[in-house]
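Below: the structure, in structure tokens.
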Amino acid sequence: MEKSVETIRGDRDGIAYEFAVLRLKGSAADAPSAYIQAALHGDELPGVVAIDALMPRLRKAEKEGRIRGNLTVVPRANPIGGTQQLFHSTQGRFDLGTRVNYNRDFPLLDRPDVSLLPGDEVAMTADRRLKARLLKLSVGHEIVLDLHCDDEGVAYLYVPEELWPAMADCAAAMGVDAVILWGGQSGASFDEASLHPWLKLPRKEARLESRVISTVEYRGTSDVYAGTAEHDADGIYRLLVARGVVADQSVEAPKPFAGVVAPIDHIEMMPAPCSGAILYDVKPGDRVKAGARLATIVRAPGEDGGRVEIFAPQDGYILTRRSHRFTGAGDDLVKLVGIGPSKRARSGALEA
Ligand SMILES: [Zn+2]
1 MEKSVETIRG
11 DRDGIAYEFA
21 VLRLKGSAAD
31 APSAYIQAAL
41 HGDELPGVVA
51 IDALMPRLRK
61 AEKEGRIRGN
71 LTVVPRANPI
81 GGTQQLFHST
91 QGRFDLGTRV
101 NYNRDFPLLD
111 RPDVSLLPGD
121 EVAMTADRRL
131 KARLLKLSVG
141 HEIVLDLHCD
151 DEGVAYLYVP
161 EELWPAMADC
171 AAAMGVDAVI
181 LWGGQSGASF
191 DEASLHPWLK
201 LPRKEARLES
211 RVISTVEYRG
221 TSDVYAGTAE
231 HDADGIYRLL
241 VARGVVADQS
251 VEAPKPFAGV
261 VAPIDHIEMM
271 PAPCSGAILY
281 DVKPGDRVKA
291 GARLATIVRA
301 PGEDGGRVEI
311 FAPQDGYILT
321 RRSHRFTGAG
331 DDLVKLVGIG
341 PSKRARSGAL
351 EA
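Residues 1 to 352 (the working numbering) make up the sequence shown, in order.
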């Protein structure tokens, strides 16, 4: 394994950011290559510890000559967001200078050629510099995994609809609970920027059936445990074996994926009608019937009529809920995956 360090010049003199890149070299020229990054939203740690648990498996494979395809791993992809602190709270989602989500506004390349990306000599803000650098590291790999987490949630994947059901083996190998399929534009999120150049190529050249691109949501922000890290590392490792990046005869081929699969327009975001304290009736992984109570908002404590109840608009599956228990009016309370399209579906990636 080789380690190198990338440097991103900051927006003020005297400031620079660093992040590590770990590389393993494959022995088979025809094997697919893989790129894995975590914590693009600077404080999302489940993927970081999953990579920490994965690397010993890969180093063992390397020692035994079983790495077939090249691997590039960025355990902490966003040193800018990871160091933005405000009153002991990490501000890892939005850049405090540009106010742009770190997982939006990636450059959309017209072909898979990193020479099209702006270099360090171009004047731009540090967050844009970081995004160009991450694409420079990732474009060209057949497998691209971007490890995130939700507020409180099950383990689930966002998968471009062009890559489904070809990626069903990956979902099964990773042992996730659900897959959300998205299409069209997503605000130039990292996964959209990873797919976009291939969609510009003729279908035959793009070889979409062999590509893996996913935003991986490893449960909630606080689900940072040794046990889940090992579980997730096993899942990524099985994917790498299933797709031929790593050889390991002890790993069985994945069984058919048995989790929830739904298009993104089936997701009901359930905004709170008022502010107050949230009393949840449901947790991630629950199945609910239309009309079931999802939560009660304590709007006017101690007063008659001071509680407001929220009900499921259709049968579905609870993908996520909030980690905080105070809500403002209009804030989303849960992501419910309905059995049919939501009447108020939103387009693009949902808070990924
Ligand atoms: Zn995220």
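Each residue gets a CB set at the ideal place from its N, CA and C atoms; glycine is no exception. For clarity, every value in this text was computed on a predicted model and none was experimentally measured.
Inset, instruction - State the DSSP-derived secondary structure class of G184, mapped to helix, strand or coil. - result: coil
Inset, instruction - Examine the Cβ distances between the stretch 179–187 and the stretch 109–127 and report whether three or more of them are shorter than 8 Å. - result: no
Inset, instruction - Return the chain-ordered list of same chain residues with a C-beta closer than 7 Å to the C-beta of A132, the five sequence neighbours on each side being excluded. - result: P107, L117 and P118
Inset, instruction - Starting from the C-beta of R203, find all residues in its chain whose C-beta is less than 6 Å away, skip the five residues before and the five after it, and write them out in chain order. - result: none
Inset, instruction - Confirm the yes/no value for this check: CB of E44, any heavy atom of ligand 1, distance under 6 Å. - result: yes
Legend entry - Segment contact, 8 Å Cβ cut-off, at least three pairs: the stretch 157–169 with the stretch 87–105: no
Inset, instruction - Please go through the same chain and pick out, in chain order, the residues whose beta-carbon is closer than 7 Å to the beta-carbon of D332, but skip the five residues on each side of it. - result: M269, M270 and P271
Legend entry - Nearest-angstrom Cα separation, counted from A39 out to V288: 31 Å
Inset, instruction - Could you give the DSSP three-state label for D265: helix, strand or coil? - result: helix
Inset, instruction - Would you identify the three-state DSSP class for T228, choosing helix, strand or coil? - result: helix
Inset, instruction - Please confirm if the stretch 185–200 is in contact with the stretch 293–311, defined as three or more CB-CB distances below 8 Å between the two stretches. - result: no
Inset, instruction - Classify Y237 as helix, strand or coil using the three-state DSSP reduction. - result: helix
Inset, instruction - Counting only runs of 3+ residues fully inside the stretch 30–104, write out the beta strand (DSSP E) ranges in chain order. - result: 34–38 and 71–74
Legend entry - CA-to-CA distance, D281 to K60, given in whole angstroms: 45 Å
Inset, instruction - Determine the extent of the beta strand (DSSP E) in which H148 is found, giving its start and end residues. - result: I143 to D150
Inset, instruction - Could you spell out the range, first to last residue, of the alpha helix (DSSP H) harbouring L129? - result: It should be noted that the sequence gives Arg, not Leu, for residue 129. Run containing R129: A126 to S138, per the alpha helix (DSSP H) assignment.
Inset, instruction - Tell me where the alpha helix (DSSP H) around P204 begins and ends. - result: The sequence shown places Lys at residue 204, rather than the Pro named in the question. Residues R203 to A206.
Legend entry - Host alpha helix (DSSP H) of E192 (start-end): F190 to L199
Inset, instruction - Can you tell me which of W198, R322 and R99 puts its alpha carbon nearest to the alpha carbon of D150? - result: R322
Inset, instruction - Assess, as a yes-or-no matter, whether the stretch 48–57 is touched by the stretch 226–237 under the definition of 3 or more beta carbon pairs within less than 8 Å. - result: yes
Legend entry - Given 8 Å, three or more beta-carbon pairs between the stretch 248–261 and the stretch 209–217: no
Inset, instruction - Report yes if the C-beta distance between G47 and V154 is below 7 Å; otherwise report no. - result: no
Inset, instruction - Return yes when at least one heavy atom of ligand 1 lies under 6 Å from the C-beta of H196, else no. - result: no
Legend entry - Burial state of P79 (16 or more Cβ within 10 Å): buried
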